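K.L.:
Starting off with a structure, shown below.
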Amino acid sequence: MIMRFFRETLLVGCAALAAAAPVQAQSEQQDGDRRAVFIQPYIEVSQILTAELSPGDEVLTFTQVAAGVDVNAQGRNSGASVSVRYERNIGYGDAVDTDTISGVARGYLSVIPRALTLEAGALASRTRVDTGGAVSPNPLVSDDATSQVYSVYAGPTIATRLGVLDVTGFARAGYNRFEANDAVIDQAGNPVDIFDDSVTYQGQVRAGTRVGDPLPIGLAVTAGGFQEDISNLDQRVRDTFVRGDVTIPVSPSLAFVGGVGYEDVEVSSRDALRDAAGNPVIGTDGRVVTDRSSPRLVAFDVDGLLWDVGVLWRPSTRTSLEARVGERYDSTTYYGNFTYIPSRRSALSISVYDGISGFGGVLNNALSALSSDFVANRNPVTGDFGGLVSGGETPGLVNSFGSVRSAAFRGRGVNATYQRQMGRLTAAFGAGYDRRTFIAAAGSALEAADGLRDESYYVTGALTRQLGNSANLQANAYANWFEAGTPGNDLTAVGASAAYNRSITERLSARAALAVDYFDSEFTAEDFATATALLGLRYNF
5 MIMRFFRETL LVGCAALAAA APVQAQSEQQ DGDRRAVFIQ PYIEVSQILT
55 AELSPGDEVL TFTQVAAGVD VNAQGRNSGA SVSVRYERNI GYGDAVDTDT
105 ISGVARGYLS VIPRALTLEA GALASRTRVD TGGAVSPNPL VSDDATSQVY
155 SVYAGPTIAT RLGVLDVTGF ARAGYNRFEA NDAVIDQAGN PVDIFDDSVT
205 YQGQVRAGTR VGDPLPIGLA VTAGGFQEDI SNLDQRVRDT FVRGDVTIPV
255 SPSLAFVGGV GYEDVEVSSR DALRDAAGNP VIGTDGRVVT DRSSPRLVAF
305 DVDGLLWDVG VLWRPSTRTS LEARVGERYD STTYYGNFTY IPSRRSALSI
355 SVYDGISGFG GVLNNALSAL SSDFVANRNP VTGDFGGLVS GGETPGLVNS
405 FGSVRSAAFR GRGVNATYQR QMGRLTAAFG AGYDRRTFIA AAGSALEAAD
455 GLRDESYYVT GALTRQLGNS ANLQANAYAN WFEAGTPGND LTAVGASAAY
505 NRSITERLSA RAALAVDYFD SEFTAEDFAT ATALLGLRYN F
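Here the sequence shown is numbered in the working numbering, starting from 5 and rising by one per residue.
If you want it as structure tokens, here you go:
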């Protein structure tokens, strides 16, 4: 019921945006340079042929009907980017009908300019889930192992100045859900307890002085907290902290930074419902059934000192580097970010992260890190959103789905994005590494997952080349490597697609596209390779 309401709400919103398009266009014309608004609702009808190259030779055909809207609206005190698409694949013969909603949205509204802002983001993505809980964001049109990922968050941010103090803060609440068509089993035939849904809460407030005002160094105090309530076994991740920081300038572009504080982190859950033999009861969806009456079992509990030291380097407004190393979660931690924007035509961003959460917390954090000014890159054959956005100041990536095990984990990794515009050619690339060490209580149904380490490597890219005023060429490629913490569950997924689009009239265009995808799973000795072709028409309202 929740997901039905979610889908219907998005579709109603798309219809409302489409109806408002003439009004928005008029508003753009009246406001001139004060507002930039782009709203493009559309419908598509396509014929798709999918041919299995390995291990079999099955050929399936589909008629695909899709409707969607792309929005980019930037104003003085508000901004939003939205890409939402609903599609229905009608199969022939042995092919199964499917319907999918996918998209990404991020926006803000300044209630009090430069003081109080409301932010929100949402994600809907079709994915492929494999053995061991591996998730790839690029499923096939005919794939029976597809699943849906949903994520949404919203909350206010504040920024003001009280005397010599800069005061900033934010509060966010989010909801996340993973829907799988079938239960997931590992190489040994055991069901993998995959993530169901979670609710997240996060908040932080910071007060600090600037370097040179009134002291030659900068001082700050920060307090914050994060909590994720995961439905599987009623898991709870709670992380609170308070810390003080100092910034010591060495030169106009370089400063040493450091901080020390106190943290209280706990991961706990309830036990599973047990049968007469003491075995966990497994539901029809393959997930462990929670015993709501059981006491909470603590899986991770750390409270005490946290600290870190590092450098802050800003040689110009185009380049920024912050790198820190220290101790958190009772062990060594390191994190930071690097941004280089040499011009409006190119941008590079690198981020190193370390944190404890569940699957949903990762999604909410990735959404909140996106800009509100972007263009979503979609697979030209399936129409799916693969996690890469471009445009604005820097590109963004919501691609580290990694493992979808239900247990909470400590996630460490790095991701990088790069975009460049060269004349009529626009390119965007993303890559990263994600390592998740799972945390589960002794004696609980998830005990076997405690200490397991799943690792993911991923690369994705998109190219668009304008061919005159009425045609363009698109190309997408991806590669995902998943190394499971349990033997025999590794996965490699690689694919590429290309499309030629040509305008027939001002609003009507035609598309021809081709894609090749390859999946190599240790779960089976056979590799899967598929080629897909598409011919279709698109009408822009």
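Just so it is clear, CB atoms sit at the ideal spot from N, CA and C, and this is done for glycine as well.
All figures in this text were calculated on a predicted structure; none of them were measured in a lab.
1. Could you round the C-beta distance between T226 and R247 to whole angstroms and report it? I think they count as a contact, below 8 Å.
2. Residues bridged to L367 by DSSP?
3. Are the CB atoms of A55 and A517 nearer to each other than 8 Å?
4. What do you get for Q478, buried or exposed, if any count of 16 or more other CB atoms within 10 angstroms of its CB means buried?
5. Across which residues does DSSP place P284 in a beta bridge pair?
6. Check for me: the beta strand (DSSP E) holding G228 runs from which residue to which?
7. Tell me the rounded alpha-carbon separation between S324 and V254.
8. Which residues in the same chain have their Cβ closer than 6 Å to the Cβ of T104, if we skip the five residues on either side of it in sequence?
9. Can you check whether the CB of D275 is closer than 8 Å to the CB of S448?
10. May I have the straight-line CA-CA distance separating R428 from L166, to the nearest angstrom?
11. Measuring alpha carbon to alpha carbon, tell me which of V250, R440, S297 and V88 ends up nearest L219.
12. Looking at the unbroken beta strand (DSSP E) that takes in E183, where does it start and where does it end?
13. Whose C-alpha, out of A40, V41, G265 and E48, is nearest the C-alpha of P384?
14. Closer than 6 Å by C-beta to A475: which residues in its own chain qualify, once you throw out the five before and the five after it? Chain order, please.
15. Between G364 and S155, is the Cβ-Cβ spacing less than 8 Å?
16. Using only alpha-carbon positions, find the residue among F304, E62 and S376 that is nearest to A40.
17. By DSSP, does A452 sit in helix, in strand, or in coil?
18. Runs of 3 residues minimum, wholly inside the region 314 to 378: which ones carry the beta strand (DSSP E) assignment?
19. Can you tell me whether A280 is buried or exposed? The criterion is at least 16 other CB atoms within 10 Å of its CB, across all chains shown.
20. Between the alpha carbons of L277 and G178, how many angstroms are there, rounded?
21. Can you check DSSP and say which residues form a bridge with A420?
22. Locate the beta strand (DSSP E) running through R457, then write down its first and last residues.
23. How many angstroms separate the CA atom of S50 from the CA atom of G387?
P.N.:
For this structure:
1. 5 Å
2. DSSP, once it has assigned bridges, lists no residue as partnering L367.
3. no
4. buried
5. R278
6. G222 to I234
7. 16 Å
8. E91 and R130
9. yes
10. 48 Å
11. V250
12. L169 to A184
13. E48
14. R506
15. yes
16. S376
17. helix
18. 323 to 332, 335 to 347 and 350 to 361
19. exposed
20. 28 Å
21. I354 and A435
22. R457 to Q470
23. 11 Å
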